[in-house]
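**Student:**
Now the structure itself:
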């Protein structure tokens with residue numbers, strides 16, 4: 092009987108120390124959000140300017156609307172997917188709290 096209570100108490104302590112799924116999902120979600128923002132900004136800075144010729148046939152660099160739009164959609168995609176993962180994390184946290 093005494094051993095059974097000790098094992099129960101030890102397993103409860105291990106459960107409290109272990110990483111919860113909701114916390115892990117939350118960390119992954121914030122990682123996805125940050126990665127999306129960094130990747131979008133890097134895309135805009137890398138491919139945003141294109142070379143073209145003006146009326147005097149001089150080569151000039153201008154910002155491409157299409158490439159900036161693609162970069163903004165990369166950022167938006169990271170924010171959206173990260174937000175959905177945060178919502179899943181919230182649901183998991185609610186279920187974990189109700190289980191105990």
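In the numbering used here, the protein residues as written are 92 to 191. Idealized CB from N, CA, C, for every residue including glycine.
Span of the alpha helix (DSSP H) holding residue 110?
**Tutor:** Residue 110 sits at position 19 when you count from the first residue of the chain shown. Where residue 110 is concerned, there is no enclosing alpha helix (DSSP H), given that its DSSP letter is neither H nor E.
**Student:** Who are residue 143's beta bridge partners in DSSP?
**Tutor:** Working through the chain shown from its first residue, we reach residue 143 at position 52. DSSP lists 151 as partners of residue 143.
**Student:** Report yes or no: is there a C-beta of chain B within less than 8 Å of the C-beta of residue 177?
**Tutor:** In the displayed structure, chain B is absent; only one protein chain is listed.
**Student:** Would you call the CB atoms of residue 162 and residue 135 closer than 8 Å?
**Tutor:** Within the chain shown, residue 162 is the residue found at index 71, counting from 1. Within the chain shown, residue 135 is the residue found at index 44, counting from 1. Yes. Within cutoff.
**Student:** Using a threshold of 8 Å, state whether the C-beta atoms of residue 141 and residue 132 are closer than that.
**Tutor:** Taking the first residue of the chain shown as 1, we reach residue 141 at position 50. Taking the first residue of the chain shown as 1, we reach residue 132 at position 41. In this structure, residue 132 does not lie closer than 8 Å to residue 141 by Cβ.
**Student:** Under 8 Å between the Cβ atoms of residue 177 and residue 120?
**Tutor:** What you label residue 177 is simply residue 86 of the chain shown in a count that begins at 1. What you label residue 120 is simply residue 29 of the chain shown in a count that begins at 1. For residue 177 and residue 120, yes; Cβs fall inside 8 Å.
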